[in-house]
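Take 362 as the starting number for the sequence shown in the working numbering and just add one per residue.
We treat Cβ as the ideally placed atom computed from N, Cα and C, and that holds for glycine.
Read through the structure below, which is laid out as structure tokens, and then see the notes.
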Amino acid sequence: VCNSKEIVEFFDLGDQPLANSLPETANAVEKKYPLSLSWCPVCNLVQLNHTIDPSELFSNYVWVTATSMVAREHARAFCEKALQRKALGKGEYALEIASNDGTFLKPFIERGVDVLGVDPAANIVEMAVADGVPTECGFFGESVAQKVIDTKGKAGIVFARNVMPHVANLHDFVKGMSMCLADDGLLAIEIHYADIICRELHYDSIYHEHLCYFTLKSAETLLKHYGLYVFDIEKSPISGGSVVLYAGKTNSAPSAVLQQYHAKEQESGINSFEVWKQFAEDSFRHKETLLDLLKNYEGHAQIAAYGASARSSTLLNFCNIGHKSIFAVADQNPLKQGRYTAGTNIPILHPDEVLSKNPDCILILAWNFADEIIQILKTKYHYCGTVIIPLPNMPRVQNI
Ligand SMILES: [Zn+2]
362 VCNSKEIVEF FDLGDQPLAN SLPETANAVE KKYPLSLSWC PVCNLVQLNH
412 TIDPSELFSN YVWVTATSMV AREHARAFCE KALQRKALGK GEYALEIASN
462 DGTFLKPFIE RGVDVLGVDP AANIVEMAVA DGVPTECGFF GESVAQKVID
512 TKGKAGIVFA RNVMPHVANL HDFVKGMSMC LADDGLLAIE IHYADIICRE
562 LHYDSIYHEH LCYFTLKSAE TLLKHYGLYV FDIEKSPISG GSVVLYAGKT
612 NSAPSAVLQQ YHAKEQESGI NSFEVWKQFA EDSFRHKETL LDLLKNYEGH
662 AQIAAYGASA RSSTLLNFCN IGHKSIFAVA DQNPLKQGRY TAGTNIPILH
712 PDEVLSKNPD CILILAWNFA DEIIQILKTK YHYCGTVIIP LPNMPRVQNI
């Protein structure tokens, strides 16, 4: 964000495979890359030390937004809130950056609003277009922004959900957003909030795709550089601890909620090195606790897991939990079924197949969807056993 070279390393999670490259065979030897975090004493940004080539990460993506029912509901709510803040009339449109399969643009289309998506994953762009969501394939930045402006003009609403933390060339990206946004337009940026990551110990959200971990302070520092001013902030229910920043091109008065967030950041010390050092220590303590819990079952009981999300990859690799302790991971995404978890070799299967083996214990790796998953386990599978919800904070055991 500030181009300082004085960043300080504070948390090494070891060499890890790419979280979203799920191997197709059981004993594939995955390429591993360093996974460690640094803190910047100038802008206080927390960031990864090692950047993977984006084309290696995002060109053939297996995560499809619409797989989650909660995501579809969230999309409708997100759209309504955005349109309440900025109604779009004839000739105006909403632009989504990293629009994935178009789940978040569909509610706009249903309300008769013109839309455009941009996404780098060719396979998913194809799906979106086939599904009636106009989508450009490309890595968003200044050059894609120019192309968008040339064909469609500036957008009344620009939104980017959980994408800014993934971007290697942040300056090019934010400049592109600023270019595409109409002078009276609304910018909505969803980020996984570093304060929640730190406070609730979401160390599993650290993986190679997440290059930056923004606080309000570090995000505002970046946006201001391109004439974008945050005026409001809101909790987002989707990713177990994300916030939506609302910004525009005029420096309007900060909302009361935004002022509270500023005050809270001051108070919690989230922009300080000491707090992040503590986060690293607590993460290692969490690992020990989770391993102790699993030891209670190993050898005499069947342990399964639920949700082969990207974040589960960090948790499994960091804690060194593999196919010797967990026999399978249930996942509803057909693109993931039949594959194996990266670096830990656990087969990923349809939930029907995993539940048919009557596991005694289920580790809910997609813990941000824990309520939805427990509901499925109870109503669809009449599951009767133990679930472990590893996060937030220390692991919790629940009998259902
Ligand atoms: Zn900095």
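| query | Relative to the alpha-carbon of THR496, which residue among VAL519, ASP533, ILE458 has its alpha-carbon at the smallest distance? | reply | ILE458
| said: Using a Cβ-based criterion (distance less than 7 Å to any ligand heavy atom), does CYS722 qualify as near ligand 1? | reply: no
| Status (buried if at least 16 other CB within 10 Å, exposed otherwise) for ALA448 | exposed
| query | Between LEU619 and the rest of its own chain, which residues show a CB-CB distance below 6 Å, the 5 nearest in sequence each way excluded? | reply | ASP593, ILE594
| said: Residues in the same chain with beta-carbon distance under 7 Å from CYS559, minus the five sequence neighbours each way, listed in chain order, please. | reply: ILE631, VAL636, TRP637, PHE640
| Under the rule that 16 or more other beta-carbon atoms within 10 Å means buried, what is LYS467, buried or exposed? | buried
| message | Using 8 Å as the threshold, is the C-beta distance between ASN388 and ASN760 below it? | response | no
| query | DSSP beta-bridge partners for THR747? | reply | CYS722, ASN760
| field | Cα-Cα separation, ALA543 to LEU456 | value | 11 Å
| request: Starting from the Cα of ASP643, find the closest Cα among ALA380, ALA703, ASP373, ALA666 and give me that residue. | output: ASP373
| Outcome for ALA781 when other beta-carbon atoms lying within 10 angstroms are tallied against a minimum of 16 | Outside the modelled stretch of the chain, which goes from 362 to 761, sits residue 781, for which no answer is possible.
| Comparing alpha-carbon positions, which option in PRO415, TYR568, ALA438, TYR454 lies nearest GLY499? | PRO415
| request: Alpha carbon to alpha carbon, how far is ALA662 from ASP480? Give it in angstroms, no decimals. | output: 43 Å
| request: Could you please go through the chain and list the residues whose beta-carbon is closer than 6 Å to any non-hydrogen atom of ligand 1? | output: VAL362, CYS363, SER365, CYS401, VAL403, CYS404, LEU406
| field | For GLU659 and VAL535, the rounded distance between their alpha carbons | value | 48 Å
| field | Buried/exposed call for HIS571, threshold 16 Cβ in 10 Å | value | buried
| message | To test your reading of the DSSP string, which unbroken alpha helix (DSSP H) runs of 4 or more residues are found completely within the stretch 480-556? | response | 483-491, 503-513, 531-541
| For LYS508 versus CYS541, is the C-beta distance shorter than 8 Å? | no
| In chain order, what residues of the same chain have a beta carbon less than 7 Å from the beta carbon of ASP533, not counting five sequence neighbours either side? | GLY502, GLU503
| query | Apart from the five residues just before and just after LYS392, which ones in its own chain have a Cβ nearer than 7 Å to its Cβ? | reply | PRO378
| query | From this set, VAL431, ARG472, MET430, THR582, which residue's C-alpha is nearest LEU444's C-alpha? | reply | ARG472
| field | GLN620, enclosing alpha helix (DSSP H) - first and last residue | value | 617-629
| message | Could you give the first and the last residue of the continuous beta strand (DSSP E) run that contains TRP400? | response | 393-400
| field | alpha helix (DSSP H) segments (min. 4 residues) lying fully within the stretch 557-588 | value | 577-585
| field | PHE371 (DSSP reduced to helix, strand or coil) | value | strand
| query | Does DSSP classify ALA727 as helix, strand or coil? | reply | coil
| said: For the structure I just gave you, are there three or more beta carbon pairs, one from the stretch 518-530 and one from the stretch 570-590, closer than 8 Å? | reply: yes
| field | Three-state class that DSSP yields for LEU477 in the structure shown | value | strand
| request: Compute the distance between the beta-carbons of VAL591 and SER597, then report whether it is under 8 Å. | output: no
| Under a three-way DSSP split, which group does LEU752 fall into? | coil
| query | CB-CB under 8 Å to ALA580, same chain, minus the five flanking residues each way: which ones, in chain order? | reply | MET525, ILE550, ILE552, VAL591, LEU606
| Who does ILE594 pair with in a DSSP beta bridge? | LEU606
| Should CYS722 and ILE749 be called a contact, given that it needs their Cβ atoms to be closer than 8 Å? | yes
| message | Please tell me whether LEU306 and LYS697 are closer than 8 Å, where the distance is taken between their beta carbons. | response | Residue numbering for the chain in the displayed model covers 362 to 761; residue 306 lies beyond these limits and cannot be assessed.
| message | Buried or exposed for ALA669, going by 16 or more other Cβ atoms inside 10 Å? | response | buried
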